[in-house]
Amino acid sequence: METLLEDFISDEDLKTCEKLYNDELRRGIRNPKTKFDYAWCLIRSRYPADTRKGVLFMEDLFKNGDESARRDYVYYLAFGKCKLKEYSSANRYIKAFLEIEPSNRQAKELQEVIQKRITREGLAGAAIAGGIVAVVVGTAFALLKK
Numbered sequence: 001m002e003t004l005l006e007d008f009i010s011d012e013d014l015k016t017c018e019k020l021y022n023d024e025l026r027r028g029i030r031n032p033k034t035k036f037d038y039a040w041c042l043i044r045s046r047y048p049a050d051t052r053k054g055v056l057f058m059e060d061l062f063k064n065g066d067e068s069a070r071r072d073y074v075y076y077l078a079f080g081k082c083k084l085k086e087y088s089s090a091n092r093y094i095k096a097f098l099e100i101e102p103s104n105r106q107a108k109e110l111q112e113v114i115q116k117r118i119t120r121e122g123l124a125g126a127a128i129a130g131g132i133v134a135v136v137v138g139t140a141f142a143l144l145k146k
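For the sequence shown, counting from 1, position 120 maps to 120 in UniProt numbering; every step adds exactly one.
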């Protein structure tokens, strides 16, 4: 799962999906499958702005799209939020998915990755905070000695 999160769609494939989506829009066609495919391509982009746009499309599909595809939308929302390092949102989406389908292996793997990243980010944040406190305390002691 880590590998998939670090794998990016080629610019050529992204442009192909974008062209298809925009061509359909110009012709007045609102095909949820095309929008889903384009959203998934955007989520897999190397550029965070594209990933954000893909997540927004996926959220729109979840709210207004085919009810029978909602589980897919929720999974890819979790995936996109994880790529954006929005781990608490990703965690909420993947938990919602696992409530519906608790034995889904891919979803369980994504949940593990999200949990690891939450822990890693928390440890990094604690280390930074600890470093800041050490600098402040050191500076205070230095000033007191003068």
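Beta carbons: idealized from backbone N, C-alpha and C, even for Gly.
Treat the numbers as computed from the prediction; the structure is a model and nothing was measured.
Local conformation of residue i per DSSP, three classes
i: residue 9; result: coil
i: residue 23; result: helix
i: residue 29; result: coil
i: residue 45; result: coil
i: residue 50; result: helix
i: residue 80; result: helix
i: residue 72; result: helix
i: residue 37; result: helix
i: residue 184; result: The chain is shown from 1 up to 146; residue 184 falls before or after that span and cannot be answered.
i: residue 65; result: coil
8 Å contact criterion, which residue i and residue j should meet: CB distance rounded
i: residue 110; j: residue 78; result: 6 Å
i: residue 38; j: residue 21; result: 4 Å
i: residue 81; j: residue 90; result: 4 Å
i: residue 83; j: residue 114; result: Not quite, the Cβ-Cβ distance comes to about 11 Å (not below 8 Å), so this is no contact.
Minimum Cβ-Cβ distance from residue i to chain C less than 8 Å
i: residue 81; result: Absent from the structure is chain C; it holds one protein chain and no more.
- Taking only runs of the beta strand (DSSP E) that begin and end inside the segment 84–121, which ones reach a length of at least 3 residues, in chain order? none
- Query: Would you call the segment 17–25 and the segment 58–74 touching, i.e. three or more CB-CB distances under 8 Å?
  - Reply: no
- Contact the segment 69–76 vs the segment 95–109: 3+ CB pairs below 8 Å: yes
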